[in-house]
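Chains as they are written, first to last, in my numbering: chain A, 3 to 113; chain B, 75 to 189. Data block below; observations after.
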């Protein structure tokens with residue numbers, strides 16, 4: 003069966019520090035991969051999605067970037083974090099027209 | 075463009091009573107529709123989906139949803155609420171007729187079931 007791993011679960015980083023959040027999927031090939039951010043426990047904002055290795059689409063201009071170095075690996079990065087980057091980051095995957103499956107999320111606090 | 079509206083920030087219901095969480099959508103083509111549930115500090119869990127076929131869709135934990143094309147709605151329902159159903163619920167949509175694969179989510183509705 004398919005599983006998705008997202009780490010770390012929580013992260014506290016100072017302003018101006020770099021960021022790297024990693025997400026990996028097991029049990030499937032060539033998934034669509036997504037990064038969402040959830041602010042204040044409410045709506046989800048799509049940040050990036052990828053339909054294949056090296057193919058990244060950015061939804062919102064911001065301080066973040068994403069990469070997909072392997073088929074089932076999706077990385078969210080920043081060179082210098084801002085206070086406004088704090089939030090709950092969720093990775094997800096899907097195949098075709100099916101539902102998306104989510105990781106457990108990373109709570110990022112920028113201080 | 076695709077969008078979802080969940081008009082209620084919170085829904086309160088007594089345990090054992092039926093519950094409804096409302097969702098309306100907007101797509102230029104035909105929709106794929108989804109409901110998810112989120113517990114505190116956790117990822118989203120898939121509940122059910124409408125792809126095609128019967129307008130009444132049954133999902134996990136006794137939940138169901140009815141697709142209404144004329145009203146562009148996909149309300150989540152359960153005949154008898156449990157205290158353990160208390161959580162944050164999200165409706166999501168994807169336009170079947172575009173190449174876009176990402177889901178667009180509503181702002182969420184907090185369901186509070188009182189014992």
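For every residue, glycine included, the Cβ atom is placed at its ideal position computed from N, Cα and C. Computed from a prediction, not measured in an experiment: that's the story for all the values here.
Quick one: Cα of residue i to Cα of residue j, how far?
i	j	result
residue 10 of chain A	residue 76 of chain B	32 Å
residue 120 of chain B	residue 19 of chain A	34 Å
residue 122 of chain B	residue 109 of chain A	26 Å
residue 83 of chain B	residue 88 of chain A	22 Å
residue 57 of chain A	residue 86 of chain B	43 Å
residue 61 of chain A	residue 17 of chain A	23 Å
residue 26 of chain A	residue 45 of chain A	23 Å
residue 29 of chain A	residue 74 of chain A	9 Å
residue 97 of chain A	residue 64 of chain A	27 Å
If we call anything under 8 Å between Cβ atoms a contact, is residue i one with residue j?
i	j	result
residue 86 of chain A	residue 66 of chain A	no
residue 106 of chain A	residue 8 of chain A	yes
residue 161 of chain B	residue 95 of chain B	no
residue 36 of chain A	residue 176 of chain B	yes
residue 99 of chain B	residue 179 of chain B	no
residue 83 of chain A	residue 21 of chain A	yes
residue 171 of chain B	residue 104 of chain B	yes
Would residue i be called buried (16 or more neighbouring beta carbons within 10 Å of its own) or exposed?
i	result
residue 169 of chain B	buried
residue 135 of chain B	exposed
residue 188 of chain B	exposed
residue 33 of chain A	buried
residue 41 of chain A	exposed
Alpha carbons only, please: which of the options is nearest the one belonging to residue i?
i	options	result
residue 31 of chain A	A:13, A:41, A:50 and A:54	A:54
residue 69 of chain A	A:17, A:50 and A:41	A:50
residue 91 of chain B	B:162, B:164, B:159 and B:155	B:155
residue 89 of chain B	B:152, B:177 and B:182	B:152
residue 164 of chain B	B:173, B:139 and B:174	B:139
residue 90 of chain A	A:6, A:28, A:47 and A:29	A:47
residue 5 of chain A	A:102, A:111, A:112 and A:12	A:102
residue 101 of chain B	B:131, B:117 and B:145	B:145
residue 39 of chain A	B:109, B:116 and B:108	B:116
residue 109 of chain B	B:78, B:128 and B:127	B:78
residue 76 of chain A	A:104, A:64, A:100 and A:98	A:104
For this session: Output the residue ranges of the beta strand (DSSP E) runs that lie fully inside the region 22-72 of chain A and measure 3 residues or longer, sorted by chain position.
Result: 34-40, 46-54, 57-60 and 67-72
Problem set entry | Whole beta strand (DSSP E) elements within the region 99-134 of chain B, 3-residue minimum | 105-112, 118-124 and 130-132
For this session: Please specify which runs of the beta strand (DSSP E), each continuous and at least 3 residues long, are wholly inside the region 72-104 of chain A, giving them in chain order.
Result: 75-80 and 89-96
Problem set entry | In chain order, each beta strand (DSSP E) run of at least 3 residues that lies wholly inside the region 146-171 of chain B | 147-152 and 161-169
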